[in-house]
Every structure is written in structure tokens, then in C-alpha cells.
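Q:
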């Protein structure tokens, strides 16, 4: 891999910082090829999808830049759209950056890019030891990343590196999957799964819009993936679950005959403990998905799995920011339950990293 | 307790909602009497405190409203200052509301007030069972609460209730104590401690400004408290820790001869693993506070405790939003270590609830 071209030089804290377009480096987590490099899916290729889905697909959730550098400083300049941060998210998660550096063989948090409006220049980390570092920079979860440049010290190296993750597991789901309400982009649950396992979990979280529409199912099956995880319960009405689950599962099976399809069978709305309408709605959603998957299994669909997810976000009801969206504590409890089950299935299909876990 | 006067009636979702000023109900977590009811300390009484400290004392961190109602809906109308939400916080935590309802003897999350600008009307929870509920509504952590009204169904009861927490433990510290970066007001760590233990932990978190200045120490000792917890390491330089810890501790001891003084001895900055300057700074802060407390203990100060806090925010480096501020996962890990130690000390002084824990 060649050292990429430096485009701009600016000065930060007395150091000369050289900026390089992130698109010259390695883009991790990409679902389908797109014209705008930080979109997840090119919506012009799938015109029948609902407008809300198309808008979500411009969000850079799950995308990250992988690179190596021997710089002691890492900075970034980036622009997002003018979309305002939602009240149940931090601006860092919504439109900021999140940097990890490999340390003793593990990805370790190193710094965030705090947004200061739609365009920001920020030093993510500085005063580091000399020597080469492997870096992974997560992009905004809930905004469109319009441009991104990565800055290193003048005279230091900056190189694309091999995608650190193996295989491709497409995760299709709601805001919870997209990253609401993780505190920063790297805390979205597919990102945590990837770092923990070395497997490439692709984030097709569509906030409020994971409703299993036919046009979305038809787009999903064009994705080159080794397995499919469906986390669509939160956004789909019991009726939609009843009407649409079979088409989604059968269409994936038809186009990907050997890929396991793994369903996350429940959602949680903590305020549903008091709001009886919400409680009944969630109960009906959860019962309906179990029913649909059971029917599909009985009809002979192979390699289809329904995960067990009983304890959900813990038993103290503190695992969400607003009842419906896990906070980092809720996500941690969720992964403690789901990760071992996911890995057990993926291992069976030889979809875990060659080095083992 | 009399049913308080209804002031305004509006209509929400077809229901008639009657609003009552929250100041007519029970204010929980109050540190000192103030003219503006949702300030924590009246800064005109302590003119020598630094301007930044005075500004923080107008934030309603740690304050909550306790009330009983048989309404099936709870709504709120509130106004905050024009201060913008920080990028490392959610707007719900910064300027929103957080409602808990007693369920089987425990405080349980019931709903949030999502801010929509400086003034908001919002239904926190609805469709509840009939019957009386005990409620605790947390106020914004990082903004001034200018006004607050609580709404219930017309014809339902709304009453002040007894403060649910016993004793008074003053916690003085930084942004971490004030609540950065909990996902919502009720997840600030003193609030979690109060709900978990039944003890009244008072939030004197002063974001960026817990520097143990003499004028602040002189204000602190005027607070009627049964114990003092000091979590000032994050904001104080090693030099300030060296120069100011003794005055703070000795002045508390002089004015509160029997109150235990409990020091949280460390702070964490996860990016300090890579940023050597930050890493060295934090190491120096943590060493200095241990040194100062050891000196005070050797000089004969009684009832002074230094907590043990080694594992800090866990070992995966995922417990913060930005390196310095815990996310809800980090706070949970922090409490798992600190809570048993705090309770052990408070039990010794008979400062745990009469019902026991």
C-alpha cells in the first residue's frame, strides 16, 4: 500500500498537520457500493424504497476508516449535513467521530471528535508515543458525512490498512441497531460486536423505518453477506410482522441459500411497565415475531434461528435513555446475552475469524 | 398534606390536563435555601466564589420533585435557560426531565421529558393503571430550570409527598458528579445512589470547577449535612490538590466535628492511555490526593476515609463517552466499586436508612 497524497497543511498547537481525504484510506463496514462514498446504500439503485428509508441510508452509521500512521497526533476535519442532534443522543454519537487504536492486539478507545456545528476541525488524540499505530475511526451514526479528512503530523506516514474484520454479517434493524442511544459512534452495538469478535457486522440500522417493506427486502438480498441478522421488531407493527416476515426471510433464503438468518426476537420499552398501551403493543410485537419464525421453521426453512432474549436489558430498568433506546449500560447487557448465541451460530457456519476467538 | 391548587388547564391527546407549579410540591436534593427555587446555592450569600462556580450552582443537577397522584397521565411544562447542550451530553440529560415511579417498593424508570427548545410541554407517561402512584421527577442536570409545572388529569389528585430519602450526604465534585455524561437526569451517580440506598446524596457537582477554592470550602461548610463526599480530583491540578485539600478537609472537620469525610481518590481519562501528557497529569492528580489524605490522616484528622478505586471504569476502556466522562456503563461499574465502600462507612455512623438496606 502506497503512502497517500497529502492535500492540505494546517497548523494545530504549533504542529504542522497534513490532511488526507479519508476516501483514500480503507473504508470499513460498507454495505453496497455508492456514489457518495459515506452513504450506506445508493438509493437511486432501489427507487421503490420508502423515502424515510432512503434518508436513513445516507447516514454513515457503522462506517469506519482503517489506517496506519506513525504520527503522534491524529486530527480530523469533517462536515455533516445540517440535521440537528436528536434529544436522546449526544452530538458526538450523532455527528461526531470516535477513534480506536490497536493496543496489545485489541481495539482500544483513544479519542473522540467533538462536533462544533456542521463542519469541525478537531484533534482526536495527541502526545502519543512514536511508532506505528493501527487506527479505526468511526463516522457519525445519525448524520450524513459530507466530507472527512484525516490529519497527521507533517513528515509522518499515513497508509490505508487491510480491513481488520473478516466475513460479512448484514444486520438489518431499527434505531437501536443504527446506534440510538450509544454515547459515541464506536459504541453502536454492531461496532462493539465487530471489535470484540473480529467479524464484520454491517450496520443497516434504519431509525424508525425497519419495517421489512418488500422494496427493502429486495435491496437487502443484493448485499453480499455471509449471514443476516434481523432486528426489526421495534419498528414493525404486529400486523407488519405478520404480513412481511415471511417475504423477507424467504427472499433472503432464495438469494442466499446457505446463509444463516438469525432473528433477534424481542424489543424492550421500559416505559411499557407503566404505559399499558405501550406494554401491550410490545408484547404483541414480540409474540408475533416468535409466531412468524416458528411458522417459517415448521414450513421447512433451513438455517433460520430465533435467539433467546429473556433478560433483555437487565432487571433494574436502567438500561435505556428513554424507555425504548438502550444507553451504553443497556447495550452492554444486551450484548452479554446476544453475543454468545450469535457466535455459536456463526461458528457452526465457519464464519468466525480464522484465528479463532 | 393538602391537595395543591391547580393553576392552568390545557388539553393533551383529548384529556384535560391540569398543571401545578412544581414548587408547590416536595423539592428533593436541595443543598441550601435559595431565592430561585431550582438553584442549588444562593450565590449572593457567597460572593467570593469564582464566577464559573456561581454559574454551575444555577444548574438544577440533583434536584427532583416528589409527589403522589392517582392520575393515569403525568405531563410537564418547563423552561430552561438558552444554554446549548454540550456535545458530550444528550439534551434529555442537559435540559430534560426524568420520571420515576415507585413499583414494588423500588423506584422504577417511567418516562422522560424530551426538550424541544428552551420551553417544552411533554407527556412523560400515559395510559397508566388507576390508583395512587409515588413519583420522583428529576430536573435538568446542566441547565437552569427557570420554571416547571406538573400536569395530571383534571379531577385526579396531586399531592406533595414526604422526601423519600433520609439523612444528608453532601457530594462535592466535578462534571462527573454533576452528571456528565449520564444519558438522563436520573442516571447521574448521586441520584442512582439515592434511589438504590434510600439515603439523600446531594449533588454539588460543579462541571470543570471543583477546584476546592477557599470561598467554595467556606460555602460547603454552611451546608447541613451528615457526611461529606469529595470527588474533586478531576478538576484540580496536582498543585491545587497539594495546596487546597487540607483547608477543605480541616474546615469541614471544624464545622462538622462528627461527620465522616470520604474522599474518592482517583479519576480516569481513558485517552490518557495514548496521550502521554494526559496520562501523566492524571497519574500526578491521583498520587497527590492520596498523599494529601495520608498526611491529614497522619496529622490526626478523624473520620476521614480514602476509598479504594482501582478497577475504576472496568478493563475494556469502553466506560466513557470522551475519555474523561463516564457513560452509563462506566457509571455502573464505578458504583459497583464505590457503593459498598460508601455504605460500609455510612453504616458505621448510622447514616443508612432506618429500615436498613
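Chains as they are written, first to last, in the UniProt record's numbering: chain G, 1 to 357; chain D, 1 to 357.
Even for Gly, the Cβ is constructed at its ideal location relative to N, Cα and C.
Is there at least one Cβ from chain G nearer than 9 Å to residue 91(D)'s Cβ?
A: Answer yes: the Cβ-Cβ gap between residue 91(D) and chain G drops below 9 Å somewhere.
Q: Going along the chain, which residues of the stretch 160-187 of chain D sit with their C-beta nearer than 9 Å to a C-beta in chain C?
A: Reference to chain C is not applicable here, since the protein chains of this structure are G and D.
Q: Does DSSP classify residue 311(D) as helix, strand or coil?
A: Here residue 311(D) sits in coil by DSSP.
Q: What is the residue span of the beta strand (DSSP E) that residue 23(G) lies within?
A: Run containing residue 23(G): none; DSSP gives neither H nor E here.
Q: Taking the DSSP output, what are the residues bridged to residue 160(D)?
A: 67(D).
Q: Output yes or no for whether 9 Å exceeds the beta carbon distance between residue 166(D) and residue 353(D).
A: Cβ distance < 9 Å, so residue 166(D) and residue 353(D) count as in contact.
Q: Kindly say whether residue 320(G), judged by its beta-carbon, lies nearer than 9 Å to any beta-carbon of chain D.
A: Taking Cβ atoms only, chain D reaches closer than 9 Å to residue 320(G), which makes this a yes.
Q: Does the stretch 63-70 of chain D come close enough to the stretch 108-121 of chain D that 3 or more CB-CB pairs lie under 8 Å?
A: No, the stretch 108-121 of chain D is not in contact with the stretch 63-70 of chain D.
Q: Assuming the contact rule is C-beta atoms closer than 8 Å, residue 98(D) and residue 184(D) should be a hit. Round their C-beta distance to whole Å, please.
A: Between residue 184(D) and residue 98(D) the Cβ distance is about 4 Å, and since that is below 8 Å, they are a contact.
Q: Taking all protein chains shown into account, decide if residue 215(G) is buried (16 or more other Cβ within 10 angstroms of its Cβ) or exposed.
A: Its Cβ having fewer than 16 others within 10 Å, residue 215(G) is exposed.
Q: Would you call the stretch 312-327 of chain G and the stretch 198-217 of chain G touching, i.e. three or more CB-CB distances under 8 Å?
A: The stretch 312-327 of chain G is not in contact with the stretch 198-217 of chain G.
Q: Roughly how many angstroms separate the alpha carbons of residue 22(D) and residue 140(D), rounded to a whole number?
A: Whole-angstrom Cα-Cα distance: 14 Å.
Q: From residue 361(D) to residue 201(D), what does the alpha carbon distance come to, in whole angstroms?
A: Because chain D spans 1 through 357 in this model, residue 361(D) falls outside it and cannot be assessed.
Q: Relative to the C-alpha of residue 93(G), which residue among 179(G), 128(G), 151(G) and 157(G) is closest?
A: The option with the nearest alpha carbon to residue 93(G) is 179(G).
Q: Does residue 11(G) pass the burial test, meaning 16 or more other C-beta atoms within 10 Å, or should it be called exposed?
A: The predicted position of residue 11(G) is uncertain, since its pLDDT is 45 and thus under 50; a value taken from the coordinates is nonetheless stated next. The residue is exposed, with fewer than 16 neighbouring Cβ atoms inside 10 Å.
Q: Please report the straight-line C-alpha distance between residue 280(G) and residue 266(G), rounded to a whole angstrom.
A: The straight-line gap from Cα to Cα measures roughly 13 Å.
Q: Considering Cα atoms alone, identify which of 321(G), 26(G) and 120(G) is closest to residue 181(D).
A: Ranking 321(G), 26(G) and 120(G) by Cα distance to residue 181(D) puts 321(G) first.
Q: At least one CB of chain D closer than 9 Å to the CB of residue 255(G): is that the case?
A: So, not an interface residue.
Q: Please list the partners that residue 101(G) has in chain D, where partner means a Cβ-to-Cβ separation under 7 Å.
A: Result: 274.
Q: Return yes when the Cβ of residue 188(D) is within less than 9 Å of the Cβ of residue 170(D), no when it is not.
A: No, these two residues do not count as a Cβ contact at 9 Å.
Q: Going by the CB atoms, is the gap between residue 258(G) and residue 173(G) shorter than 9 Å?
A: No, they are not a contact pair.
Q: Measuring alpha carbon to alpha carbon, tell me which of 67(D), 175(D), 128(D) and 147(D) ends up nearest residue 56(D).
A: The option with the nearest alpha carbon to residue 56(D) is 175(D).
Q: Do we get a CB-CB distance below 9 Å when we pair residue 15(D) with the residues of chain G?
A: Cβ-Cβ to chain G under 9 Å: no for residue 15(D).
Q: Nearest chain G C-beta to residue 112(D) closer than 9 Å, yes or no?
A: By this cut-off, residue 112(D) is an interface position.
Q: For residue 41(G), which option in 71(G), 237(G), 220(G) and 297(G) has the closest C-alpha, if you only look at C-alpha atoms?
A: Selected option, being the one with the closest Cα: 220(G).
Q: Mind checking if residue 9(G) is an interface residue toward chain D, Cβ cutoff 9 Å exclusive?
A: Residue placement at residue 9(G) is poorly supported in this model, since its pLDDT is 48, which falls under 50; the coordinates still yield a value, given next. Closer than 9 Å: no.
Q: In three-state DSSP terms, what is residue 289(D)?
A: Here residue 289(D) sits in helix by DSSP.
Q: If I follow the unbroken alpha helix (DSSP H) through residue 189(D), where does it start and stop?
A: Unbroken alpha helix (DSSP H) run through residue 189(D): 189-197.
Q: Does the CB of residue 282(D) have a neighbour CB from chain G at under 9 Å?
A: Closer than 9 Å: no.
Q: What does residue 329(D) touch in chain G if you count any residue whose Cβ is under 7 Å from its own?
A: Chain G residues near residue 329(D): 328, 329 and 332.
Q: Let's see if you can read the secondary structure: which residues bound the beta strand (DSSP E) around residue 168(D)?
A: Looking at the DSSP string, the run of the beta strand (DSSP E) that includes residue 168(D) is 166-173.
Q: Whose Cβ in chain G lies nearer than 7 Å to the Cβ of residue 270(D)?
A: Here the neighbours are 109.
Q: Taking any Cβ of chain G, which residues in the stretch 119-143 of chain D have a Cβ under 9 Å from it, in chain order?
A: Within the stretch 119-143 of chain D, the residues whose Cβ lies closer than 9 Å to some Cβ of chain G are 124, 125, 126, 127, 128, 129 and 133, listed in chain order.
Q: State whether the stretch 233-246 of chain D contacts the stretch 286-298 of chain D, with contact taken as three or more CB pairs (one from each stretch) at a distance under 8 Å.
A: Yes: at least three Cβ pairs fall under 8 Å.
Q: Contact criterion: CB-CB distance below 9 Å. Does residue 83(D) meet it with respect to chain G?
A: Not an interface residue.
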